[in-house]
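Student: Next up is a structure, given as structure tokens.
2 protein chains.
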Amino acid sequence: MTMQQQREEIIRALKAKGLRVTPQRFAVYANLLHRCDHPTAEDILQDLNRVAPTSSQATVYSSLQTLRQVNLVREVLLEEGVRRYDANLKPHHHFRCQYCGTIADIAWQALAHLDLKNLKSGWQIQDYEVTIHGRCDRC
Amino acid sequence: MTMQQQREEIIRALKAKGLRVTPQRFAVYANLLHRCDHPTAEDILQDLNRVAPTSSQATVYSSLQTLRQVNLVREVLLEEGVRRYDANLKPHHHFRCQYCGTIADIAWQALAHLDLKNLKSGWQIQDYEVTIHGRCDRC
DNA sequence: CTTTGTGCAAACGATTTGCAGGATG
DNA sequence: CATCCTGCAAATCGTTTGCACAAAG
Numbered sequence: 389m390t391m392q393q394q395r396e397e398i399i400r401a402l403k404a405k406g407l408r409v410t411p412q413r414f415a416v417y418a419n420l421l422h423r424c425d426h427p428t429a430e431d432i433l434q435d436l437n438r439v440a441p442t443s444s445q446a447t448v449y450s451s452l453q454t455l456r457q458v459n460l461v462r463e464v465l466l467e468e469g470v471r472r473y474d475a476n477l478k479p480h481h482h483f484r485c486q487y488c489g490t491i492a493d494i495a496w497q498a499l500a501h502l503d504l505k506n507l508k509s510g511w512q513i514q515d516y517e518v519t520i521h522g523r524c525d526r527c
Numbered sequence: 389m390t391m392q393q394q395r396e397e398i399i400r401a402l403k404a405k406g407l408r409v410t411p412q413r414f415a416v417y418a419n420l421l422h423r424c425d426h427p428t429a430e431d432i433l434q435d436l437n438r439v440a441p442t443s444s445q446a447t448v449y450s451s452l453q454t455l456r457q458v459n460l461v462r463e464v465l466l467e468e469g470v471r472r473y474d475a476n477l478k479p480h481h482h483f484r485c486q487y488c489g490t491i492a493d494i495a496w497q498a499l500a501h502l503d504l505k506n507l508k509s510g511w512q513i514q515d516y517e518v519t520i521h522g523r524c525d526r527c
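Keeping their order, the protein sequence lines are chains A and B. Counted the way the numbering used here counts, the first sequence spans residues 389 to 527. Counted the way the numbering used here counts, the second sequence spans residues 389 to 527.
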């Protein structure tokens, strides 16, 4: 996919959700899509303003909130007191290295599916996520 | 187990970890052990001071931190921006109702174990946890 | 031109810290 | 009696909010 196509793809996604396409919102979403780590709001802000000022702090926070509401982005909880964001919408699990903090995505199919029947009577399962803790190949 | 035995059990656990047994620390840990929900620091503070002032805010926070460091207590991440605590050390998973927020423990054995072999080459698995989202029997 | 988004700075809630006095082992 | 813990209040961190102005459709 060319650079240009990627841009159009993002614009299409935002419009499809009824969002106005502003440079700041575009930048936040594009940044999240192009990164493979799971950055915090602060990480994104830093990255966007690395070269030239692009967005303010408040705008990054509000963009993330908006993108989350329309399900283009989701929050990931892997560490205590840290909110991370992820634009990978395909269901997947996470592997976090306890030593260096690196986070790797684990494809949904990579795990044998759980047998969730009759877990707790009367409770309906919507979805589930697995977080694996361990040591990565470099630690 | 009698009330008295429970108290002695707690004192033994704290001493075994090299911690001094203060009334405040005792109260925080005992409170957490006797509750089946997964309270926040604030919840614990409220509960302890319900009848008579027992601990200050700073002390509850510091006790939780200390108890966590010695592995008598662990943090649970189930909702965005909320830190909950749990003194149940037996490995278990969590089920959270998306409607009322109720959290239920799922015994480790209740889930068919995951096949975690060959997940990612070079990565060693320490442990994993499953968070299930759904609707509880009362919602 | 109407509506929505941005940026600033102030407000906020949860958690942490500095420090003096108090309790524990 | 040395060390560790507590409580208060102030500091800090991440996030949210109010509001005037700017930009998008």
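Glycine included, every Cβ here is placed at the ideal spot set by N, Cα and C. Note that the structure is predicted; figures quoted are calculated from it, not measured.
Within the 8 Å Cβ cut-off, does B:Gly406 reach chain A?
Tutor: Answer no: the Cβ-Cβ gap between B:Gly406 and chain A never drops below 8 Å.
Student: What residue does the alpha helix (DSSP H) around A:Arg462 start on, and which one ends it?
Tutor: Element bounds for A:Arg462: not the alpha helix (DSSP H) but the beta strand (DSSP E), Arg462 to Glu467.
Student: At what residue ranges does the stretch 431-519 of chain A contain a whole run of the alpha helix (DSSP H), taking only runs of 4 or more?
Tutor: Counting whole runs of 4 or more residues, the stretch 431-519 of chain A contains the alpha helix (DSSP H) stretches 445-457.
Student: Evaluate contact between the stretch 396-408 of chain A and the stretch 432-439 of chain A, counting only Cβ atoms and requiring at least three cross-stretch pairs below 8 Å.
Tutor: The answer is no - the stretch 432-439 of chain A does not touch the stretch 396-408 of chain A, with fewer than three Cβ pairs under 8 Å.
Student: Please state whether the Cβ-Cβ distance between A:Val416 and A:Ile398 is less than 8 Å.
Tutor: Contact flag unset, no.
Student: Taking the Cβ atom as the reference point for each residue, do A:Arg400 and B:Trp511 lie within a distance shorter than 8 Å?
Tutor: In this structure, B:Trp511 does not lie closer than 8 Å to A:Arg400 by Cβ.
Student: Figure out for me which residue from A:Lys508, A:Met389 and A:Pro427 has the closest Cα to the Cα of A:Ala475.
Tutor: It is A:Pro427.
Student: In angstroms, rounded to a whole number, what distance separates the CA positions of B:Gly469 and A:His482?
Tutor: Those two C-alpha atoms are separated by around 19 Å.
Student: Since B:Leu420 contacts B:Tyr487 with CB under 8 Å, what's their CB separation in whole angstroms?
Tutor: Their Cβ separation, rounded to whole angstroms, is 26 Å, which puts B:Leu420 and B:Tyr487 out of contact at 8 Å.
Student: Which of helix, strand or coil does DSSP assign to A:His426?
Tutor: DSSP places A:His426 in coil when its eight states are reduced to three.
Student: Within 10 angstroms of the Cβ of A:Arg484, are there 16 or more other Cβ atoms? Answer buried if so, exposed if not.
Tutor: Its Cβ being crowded by 16 or more others within 10 Å, A:Arg484 is buried.
Student: In three-state DSSP terms, what is B:Arg413?
Tutor: The answer is helix: DSSP assigns B:Arg413 an H, G or I state.
Student: For B:Leu477, is the classification buried or exposed, using 16 other Cβ atoms within 10 angstroms of its Cβ as the cut-off for buried?
Tutor: So B:Leu477 counts as exposed.
Student: Just the chain B side, please: which residues come within less than 9 Å of A:Arg471 by C-beta, in chain order?
Tutor: Near A:Arg471 (Cβ distances below 9 Å), the residues of chain B are Glu468 and Gly469.
Student: So for B:Arg523, helix, strand or coil by DSSP?
Tutor: B:Arg523 falls in the strand class under three-state DSSP.
Student: Excluding sequence positions up to five away, which residues of its chain have a Cβ less than 7 Å from the Cβ of A:Arg462?
Tutor: Contacts found: Arg456 and Asp474.
Student: Any C-beta of chain B within less than 8 Å: which residues of the stretch 429-442 of chain A qualify?
Tutor: For the stretch 429-442 of chain A, which is checked against every Cβ of chain B, not one residue is closer than 8 Å.
Student: So which of A:Cys424, A:Phe414 and A:Leu460 has the shortest CA-CA distance to A:Val448?
Tutor: Checked all of A:Cys424, A:Phe414 and A:Leu460; the closest Cα to A:Val448 is A:Phe414.
Student: Output the boundary residues of the alpha helix (DSSP H) element that contains A:Arg408.
Tutor: No alpha helix (DSSP H) holds A:Arg408; DSSP gives it neither H nor E.
Student: Give a yes or no on whether 8 Å exceeds the smallest Cβ distance from B:His426 to chain A.
Tutor: It does not; no Cβ of chain A falls within 8 Å.
Student: Please compile the residues from chain B whose C-beta is within a distance smaller than 9 Å of the C-beta of A:Asp515.
Tutor: Within chain B, the residues near A:Asp515 are Ile520, His521 and Gly522.
Student: Any idea if A:Ser444 is buried or exposed, counting beta-carbon neighbours within 10 angstroms, 16 or more meaning buried?
Tutor: When all chains shown are included, A:Ser444 counts as exposed.
Student: Can you give the Cα-Cα distance for B:Leu452 and B:Ala429, rounded to whole angstroms?
Tutor: Roughly 8 Å separates the two Cα atoms.
Student: Thinking C-alpha only, which one of B:Leu465, B:Arg471, B:Ile491 and B:Tyr516 is nearest A:Lys508?
Tutor: The option with the nearest alpha carbon to A:Lys508 is B:Ile491.
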